[in-house]
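Notes follow the structure.
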Amino acid sequence: FRNCVDSQGAAIVCNGSSPIISQCHFENNQANGSGGAIYLNDSDPWIGECVFFDNVADDEGGAVYGEDSSPYIVNSLFHSNFATNFGGGLAFDYNGSPYLRNVTLYANSTDNTAGGISAKLDVDLTIQNSILYYDDPGEIYEYGGTATVEYSNIYEGWPGTGNIDENPDFVSGPHGNFYLDQSTSPCINTGAQNASVVWYYLEPGQTVSLDELTTSTNNSLDTGVVDMGFHYQDTPPNTPSPTPSPSFTPT
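Read the sequence shown against the numbering used here and you will find it ends at 251, with the numbers running on by one and no gaps.
Right under this line is the structure:
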């Protein structure tokens, strides 16, 4: 989904629905209201292995906005999104229990509060095994809502079991810039459970777990205790097949 423009949720709007949204790339979408890429109202979707980059909301939720919604968002990457008001990456309002597991937020921003995520007005937000770093201003904002965070790397810190505040040591690899340095990153093997039990839907009846994916530039799979943050496919990047040169046979 690229270059979409709409009043709310420039790429996807969910009203009273619970779709599976998997392996999607949202880039340079803009909402004149909230939800630069996705707008949720009374909806509980599964969002897995999605990348949100450079999306903009003129109000709240640069990438995702949810009202009275409880999405399950796993293994997704949010970077360089912007909202004028709350939640440069994601914003949740008016009830709901969003659950974020193994997400990475980096360099999202807002002109107001919560460059990363906002939880407002009776929202009960849970974040686990995640990396929130260099979002401006601040990573998490609570206003009449609560954020429970554990086993995550949060810039400038956040209370909770297993949380740290250390440079995640991102490195560039075959599919992007958010792999983890396997020798120095504090996010290796520091999640809450084994990688094999963190999973999401690709489509109804088909799932993938994080022990089938990688945070390593050499594509070694994540085994044992799960690494924090977003995981990549272990397949080589797609390269176009060479076009054969036309042959000429003299007659």
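A virtual CB, placed ideally from N, CA and C, is assigned to each residue, including glycine.
Note that the coordinates shown come from a computational prediction; the quantities given were computed from them, not determined experimentally.
Residue environment, residue i, which counts as buried when at least 16 other CB atoms sit within 10 Å
| i | result |
| --- | --- |
| E60 | buried |
| Y143 | exposed |
| R2 | exposed |
| H25 | exposed |
| D93 | buried |
| T104 | buried |
| P98 | buried |
| E203 | exposed |
| G205 | exposed |
Coil, strand or helix - residue i by DSSP
| i | result |
| --- | --- |
| D6 | strand |
| E67 | strand |
| D211 | helix |
| S245 | Since pLDDT at S245 reaches only 41, below the 50 mark, its modelled position is unreliable, and the value read off the structure follows with that caveat. Correct three-state label for S245: coil. |
| V149 | strand |
Of the residues the options, the one placed nearest residue i, counting alpha carbons only
| i | options | result |
| --- | --- | --- |
| N41 | N163, V64 and L180 | V64 |
| L132 | G89, N112 and G162 | G89 |
| H79 | N95, S152, W46 and N55 | N55 |
| T146 | Y155, D124 and E139 | D124 |
| T84 | Y201, S118 and F52 | S118 |
| D6 | S34, E27 and D234 | S34 |
| G16 | S43, Q23 and A37 | S43 |
Straight-line gap, residue i to residue j (C-alpha atoms, nearest Å)
| i | j | result |
| --- | --- | --- |
| P240 | P174 | Because the pLDDT at P240 is just 44, under 50, the model does not fix this residue reliably, and the point stays unresolved. |
| S196 | G229 | 15 Å |
| G162 | T214 | 21 Å |
| D58 | N32 | 5 Å |
| P186 | S209 | 22 Å |
| V13 | T217 | 35 Å |
| I20 | Y155 | 30 Å |
Supposed contact pair residue j and residue i - C-beta distance, whole angstroms, cut 8 Å
| i | j | result |
| --- | --- | --- |
| D227 | N189 | 6 Å |
| G157 | E150 | In fact, because the Cβ distance is near 13 Å, the residues do not count as touching under 8 Å. |
| D135 | N108 | 5 Å |
| N28 | G48 | Not confirmed; about 22 Å, so no contact. |
Residue i Cβ short of 7 Å to the ligand NAP heavy atom set
| i | result |
| --- | --- |
| Y143 | Judged by which ligands are present, the structure shown has none, so any question about the ligand NAP falls away. |
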